[in-house]
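In my numbering, the protein residues as written are 7 to 292.
C-beta: ideal position from N, C-alpha, C; glycine also.
Have a look at the structure below, then the notes.
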């Protein structure tokens, strides 16, 4: 699949640089002390758990960033369903380079595959509805690019990437301003003054706040921690005047029922903060 716009070469280069420095520092001494400099070998990425595989493209970039002479032959691509025993790719070249990058590749792929698998499972429950599944900013610091990329690979839709690409007025913004009306007024003034093209979303906690948000004319209204009955009433009140987003403690079992309310989006932090790492292994090819 095509990389999301936020997965730039610059971002990946910085991420890989920092990750390798964290792990290797003044040398991979286990490898340097036991593996000859000119030894060339092969290793295969072995799937040990059924999953939606993610991080294949990233793995190849990591290998080639560390050692441009490493060659990667891929047999599956990001987003493919794989089963125990499948081989995702074979990497060939310097044995030292393979060993020094092994853990970074596995850490990324295991985490990304877990997120993609969970996202795929949740998203499949929305088939037949018009509701889209969103991730959140509840990501691991300095690993957001990989986690959000994994959500996209799994079939989900990315919410805002960070604090800079959308205005989301949450409970604290509203409480500090005294009301939704005041907060939205301030936000709109800021956007106009600074000539920004930013959508404005407002979090609401009850039907009274929903009515206030409708009058404020925002791009999206978040229905936070509302029960399904209240959500239905809110969607009816909004009546298509803007996008709607269900949020707050969403579980897999609730997805279909929430989608039946007619909300535009369902956002779930669980996609990134509660996914189980998948079991993958990089094994020497003898």
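Our contact map puts residue i next to residue j with C-beta atoms below 8 Å; I'd like the distance itself, whole angstroms only.
{"i": "residue 30", "j": "residue 68", "result": "Not really, about 12 Å apart at Cβ, beyond 8 Å."}
{"i": "residue 82", "j": "residue 94", "result": "5 Å"}
{"i": "residue 73", "j": "residue 39", "result": "That pair is no contact at about 19 Å."}
{"i": "residue 249", "j": "residue 225", "result": "6 Å"}
{"i": "residue 286", "j": "residue 119", "result": "7 Å"}
Using three-state DSSP, classify residue i as helix, strand or coil.
{"i": "residue 25", "result": "helix"}
{"i": "residue 132", "result": "coil"}
{"i": "residue 57", "result": "strand"}
{"i": "residue 20", "result": "helix"}
{"i": "residue 47", "result": "strand"}
{"i": "residue 122", "result": "helix"}
{"i": "residue 109", "result": "helix"}
{"i": "residue 69", "result": "helix"}
{"i": "residue 358", "result": "Any property of residue 358 remains undetermined from this structure, which presents the chain solely from 7 to 292."}
{"i": "residue 34", "result": "coil"}
{"i": "residue 137", "result": "coil"}
{"i": "residue 39", "result": "coil"}
{"i": "residue 235", "result": "helix"}
{"i": "residue 271", "result": "strand"}
Going by the beta-carbon positions, is the gap between residue i and residue j smaller than 8 Å?
{"i": "residue 71", "j": "residue 19", "result": "yes"}
{"i": "residue 90", "j": "residue 113", "result": "no"}
{"i": "residue 105", "j": "residue 34", "result": "yes"}
{"i": "residue 84", "j": "residue 159", "result": "yes"}
{"i": "residue 153", "j": "residue 146", "result": "yes"}
{"i": "residue 59", "j": "residue 13", "result": "no"}
{"i": "residue 161", "j": "residue 126", "result": "yes"}
{"i": "residue 283", "j": "residue 117", "result": "yes"}
{"i": "residue 231", "j": "residue 268", "result": "no"}
{"i": "residue 128", "j": "residue 265", "result": "no"}
{"i": "residue 49", "j": "residue 292", "result": "no"}
{"i": "residue 229", "j": "residue 251", "result": "yes"}
{"i": "residue 213", "j": "residue 240", "result": "yes"}
Look up residue i in the DSSP assignment and give the residues it is bridged to.
{"i": "residue 184", "result": "Residue 184 is not bridged to any residue."}
Given that a residue counts as buried once 16 or more other Cβ atoms are within 10 Å of its Cβ, and exposed if not, what is residue i?
{"i": "residue 222", "result": "buried"}
{"i": "residue 280", "result": "exposed"}
{"i": "residue 196", "result": "exposed"}
{"i": "residue 28", "result": "exposed"}
{"i": "residue 171", "result": "exposed"}
{"i": "residue 64", "result": "buried"}
{"i": "residue 258", "result": "exposed"}
{"i": "residue 79", "result": "exposed"}
{"i": "residue 130", "result": "exposed"}
{"i": "residue 263", "result": "exposed"}
{"i": "residue 7", "result": "exposed"}
{"i": "residue 181", "result": "exposed"}
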